Amino acid sequence: GGDDKIISIEASREFTGKIKENCTLKIWDGLYHEIHNEPEKEEVFNFLIDWLDKEVSR
Numbered sequence: 001g002g003d004d005k006i007i008s009i010e011a012s013r014e015f016t017g018k019i020k021e022n023c024t025l026k027i028w029d030g031l032y033h034e035i036h037n038e039p040e041k042e043e044v045f046n047f048l049i050d051w052l053d054k055e056v057s058r
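First residue of the sequence shown: 1, per the UniProt record's numbering; consecutive thereafter.
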């Protein structure tokens with residue numbers, strides 16, 4: 001998440017910038033490291049499921 005204190009957002013951006021395909025960086029503003037445990041977890045899982053569906057159908 002955007003408020004993660006464990007992983008650097010800039011490091012995540014740098015890492016994903018090196019990936020050429022099948023990579024999406026989504027920064028969840030106001031969320032922390034374990035975005036699947038946040039109150040917004042349903043939105044997080046829906047985003048993940050949608051992304052997986054799109055990637056699998058390629």
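No residue lacks a Cβ here, since even glycine has one placed at the ideal position from N, Cα and C.
Just so you know, these numbers come straight off a predicted model, no measurement behind them.
In terms of residue numbering, what span does the alpha helix (DSSP H) encompassing residue i cover?
i: leucine 48; result: 41-56
i: isoleucine 9; result: 9-18
Taking buried to mean at least 16 other C-beta atoms within 10 Å of its own C-beta, is residue i buried or exposed?
i: isoleucine 27; result: exposed
i: leucine 31; result: buried
Taking only the alpha-carbon atoms, compute the straight-line gap between residue i and residue j and give it to the nearest angstrom.
i: histidine 33; j: glutamate 55; result: 24 angstroms
i: isoleucine 35; j: valine 44; result: 7 angstroms
i: cysteine 21; j: arginine 58; result: Note that residue 21 is glutamate in the sequence shown, not cysteine. Distance between the alpha carbons of glutamate 21 and arginine 58 is about 12 angstroms.
i: serine 8; j: isoleucine 49; result: 24 angstroms
i: glycine 2; j: aspartate 29; result: 4 angstroms
i: glutamate 42; j: leucine 52; result: 15 angstroms
i: proline 39; j: lysine 18; result: 31 angstroms
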